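Going down the list, the protein sequences come from chains A and B.
Take the position in the first sequence, starting the count at 1, then add 29; the result is the number in our numbering.
Take the position in the second sequence, starting the count at 1, then add 15; the result is the number in our numbering.
Even for Gly, the Cβ is constructed at its ideal location relative to N, Cα and C.
Please read all numbers here as calculations on a predicted model, not as lab measurements.
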Amino acid sequence: MKKQRIVIVEPSEIVCVGLTNLLQGSDFEVVARLDSVDALEECHLLSSADIVIVGSQAAAVGANMRYRYEALQSRTLVIMVSTVREDEFLRQADGVINIYDNKTKLIKKLQTAVEQSQTNPYSDSHELSERERDVLILVAKGMANKEIADELNISIHTVMSHRKNIAHKTGIKSVAGLTVYALLNNMLEASEVNI
Amino acid sequence: MNSYKIDGNHEVIFSQEMTVAELLDADYRLLSILERLDMQLPFGDISVGQMCERYGMSAELFLTICRIYAKVEDDIVLERLSVDDLPMVLRFLESSHSYYLDVVLPRIERGIDEVLALCDVRQRLLLRRFYEGYASEIREHLAYEESVMFPYMKRLLAGEKIDNPMVDECMDNHTDICEKIDDMKSIIIKYLPESCSIHQRCGLLYDIYTMREDLSHHTRLEMELLAPLALEAERRVKL
Numbered sequence: 030m031k032k033q034r035i036v037i038v039e040p041s042e043i044v045c046v047g048l049t050n051l052l053q054g055s056d057f058e059v060v061a062r063l064d065s066v067d068a069l070e071e072c073h074l075l076s077s078a079d080i081v082i083v084g085s086q087a088a089a090v091g092a093n094m095r096y097r098y099e100a101l102q103s104r105t106l107v108i109m110v111s112t113v114r115e116d117e118f119l120r121q122a123d124g125v126i127n128i129y130d131n132k133t134k135l136i137k138k139l140q141t142a143v144e145q146s147q148t149n150p151y152s153d154s155h156e157l158s159e160r161e162r163d164v165l166i167l168v169a170k171g172m173a174n175k176e177i178a179d180e181l182n183i184s185i186h187t188v189m190s191h192r193k194n195i196a197h198k199t200g201i202k203s204v205a206g207l208t209v210y211a212l213l214n215n216m217l218e219a220s221e222v223n224i
Numbered sequence: 016m017n018s019y020k021i022d023g024n025h026e027v028i029f030s031q032e033m034t035v036a037e038l039l040d041a042d043y044r045l046l047s048i049l050e051r052l053d054m055q056l057p058f059g060d061i062s063v064g065q066m067c068e069r070y071g072m073s074a075e076l077f078l079t080i081c082r083i084y085a086k087v088e089d090d091i092v093l094e095r096l097s098v099d100d101l102p103m104v105l106r107f108l109e110s111s112h113s114y115y116l117d118v119v120l121p122r123i124e125r126g127i128d129e130v131l132a133l134c135d136v137r138q139r140l141l142l143r144r145f146y147e148g149y150a151s152e153i154r155e156h157l158a159y160e161e162s163v164m165f166p167y168m169k170r171l172l173a174g175e176k177i178d179n180p181m182v183d184e185c186m187d188n189h190t191d192i193c194e195k196i197d198d199m200k201s202i203i204i205k206y207l208p209e210s211c212s213i214h215q216r217c218g219l220l221y222d223i224y225t226m227r228e229d230l231s232h233h234t235r236l237e238m239e240l241l242a243p244l245a246l247e248a249e250r251r252v253k254l
């Protein structure tokens, strides 16, 4: 396995430094540390990262975290918890680590997560992500980028980046064409659009 | 014995001396140029130069148009052309417009109807409407050129005095007419239900690819050949 580069999203320095030290000398290397998932988009090291580990914030962001952050869709997502629990929000992850795991267990879990993510639907570059589907449906309904941004509570910049990915994945650029795509794939009803 | 030369990339160099048959052998897609200029087959063994003379067209211009359509990589050489070639460029563009409207679009429309005949009603209506949206966009684009841009250029050629030059403005307003046809292509290749026949689907795609390619040459001809000649005509009128 090639060296896997990790970005940790965790506000606790104790946890971050601990994790970084534990992984020293292994196939995993921590390249950046962020306080919040919102900072992912601005992180210039992200493009080279293979794995994102989200710590205590994951539970607060909830089950749709991966839908909301594009950066998490094409990478291995590992959630770090401090208690043993069976929560809905853990299902979106390729792997779950616990802060009480020892070094051996930790590395084993990360390796399994990387293998797991290769079969993950999010990694399929031609399949639209859930968030991209949301944007596509609103585009088909005739909404402008600004309106879509307000509706989904994301920035215009993010809307545009979703639209770029949608065009790239589907091979369709025009609004009329995207509407046809959405209807052919039963993503919305004909009565919901003006065609 | 061939009457043409080959360049360093093993490609035929277009020239006035080569025969029309050789030109078409070099790139059969040039048939559609002859069709548009109403140059009737057969040509026997006459040369490109002789054919152009017969139809009263500058051989330099004819070869330039052929290069735009067949040799996409090559830059357009304007040195041997002048404002005197503008009327013929306009004639070629106008006949290209009729070619799109009377030949190409109806063919694609028939293809779409055949492909969609086996789809369910809802999908048929949907795609038919998308196609109609595209076709009307193309018609509008061509109509703008025919009603605004070409008449303006003809007034320039007639030496009419003009108040505001519009060539630059026309070129800035030049909209992308390839986007939706690309979308149509993606939909037919990637998303149209299996119930559509493969032969009809391929036939339609072939027509769409051809039209797409033709439109991109057409746009290039307008931007890189028509525009410089028309700007020159504008300068001449103003002097």
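Asked	Found
Closer than 8 angstroms to chain B by CB, D153 of chain A	Here the model assigns D153 of chain A a pLDDT of 46, short of 50, so the residue's position is not dependable and the matter cannot be decided.
Of the listed residues B:M66, B:A41, B:K86, B:D42, nearest to D53 of chain B (C-alpha basis)	B:M66
Proximity test, Cβ basis, 8 angstroms: R137 of chain B and chain A	yes
Delimiting residues of the alpha helix (DSSP H) encompassing R139 of chain B	136-159
Residues from the segment 192-207 of chain B in contact with chain A, defined by Cβ distance under 9 angstroms	E194, K195, D197, D198, M199, K200, S201, I202, I204, K205, Y206, L207
Partners in chain A for L141 of chain B, counting only beta-carbon separations shorter than 8 angstroms	V209, L212, L213, A219, I224
Secondary structure, alpha helix (DSSP H): runs of 4+ residues fully inside the segment 66-111 of chain A	86-90, 94-97
Interface flag, G148 of chain B vs chain A, CB-CB below 8 angstroms	yes
Below-8 angstroms beta-carbon distance, F145 of chain B vs any chain A residue	yes
Touch test, the segment 169-184 of chain B against the segment 200-212 of chain B, Cβ-Cβ under 8 angstroms, three pairs minimum	no
Three-state secondary structure (DSSP) of Q215 of chain B	helix
Of the residues A:E218, A:A205, A:G171, A:V164, the one placed nearest I185 of chain A, counting alpha carbons only	A:V164
Buried versus exposed call for A245 of chain B [16 or more other C-beta atoms within 10 Å across all chains shown]	buried
Proximal residues to T34 of chain B (C-beta, below 8 angstroms), its chain only, five neighbours per side dropped	S18, F58, D60, I61, S62, V63
Neighbourhood of Q31 of chain B by C-beta, 6 angstroms cutoff - its chain only, sequence neighbours within 5 removed	V63, G64, A74
Test: G206 of chain A CB closer than 8 angstroms to a CB of chain B	yes
Proximity test, N24 of chain B beta-carbon vs the ligand ATP heavy atom, cut-off 7 angstroms	This structure lacks the ligand ATP; in fact it carries no ligand of any kind.
Under 7 angstroms from the C-beta of G171 of chain A: neighbouring residues of chain B	What G171 of chain A touches in chain B: nothing, since even the nearest Cβ is about 14 angstroms away.
Limits of the beta strand (DSSP E) - the one that V46 of chain A falls within	First-last for V46 of chain A: 42-51, but that is the alpha helix (DSSP H), not the beta strand (DSSP E).
Nearest-angstrom beta carbon gap, A211 of chain A and I183 of chain A [assumed within contact, 8 angstroms]	The Cβ separation is near 19 angstroms, so there is no contact.
Reduced DSSP category for E58 of chain A - H, G, I as helix; E, B as strand; rest coil	strand
Nearest to R216 of chain B (by Cα), restricted to the options B:L240, B:K253, B:R125, B:L141	B:R125
Spatial neighbours of K170 of chain A in its chain, beta-carbon cut-off 8 angstroms, leaving aside the 5 residues before and after	L217, E221, V222
Cα-Cα separation, E161 of chain B to M94 of chain A	54 angstroms
Reduced DSSP secondary structure (H/G/I, E/B, other) of S152 of chain A	For S152 of chain A, the predicted model reports a pLDDT of 42, less than 50, meaning its position is unreliable; a value from the coordinates is still stated below. Helix.
Outcome for T141 of chain A when other beta-carbon atoms lying within 10 angstroms are tallied against a minimum of 16	exposed
Residue-chain proximity (I201 of chain A, chain B), Cβ-Cβ < 8 angstroms	yes
The segment 186-194 of chain A touching the segment 119-133 of chain B, judged by at least three CB pairs closer than 8 angstroms	no
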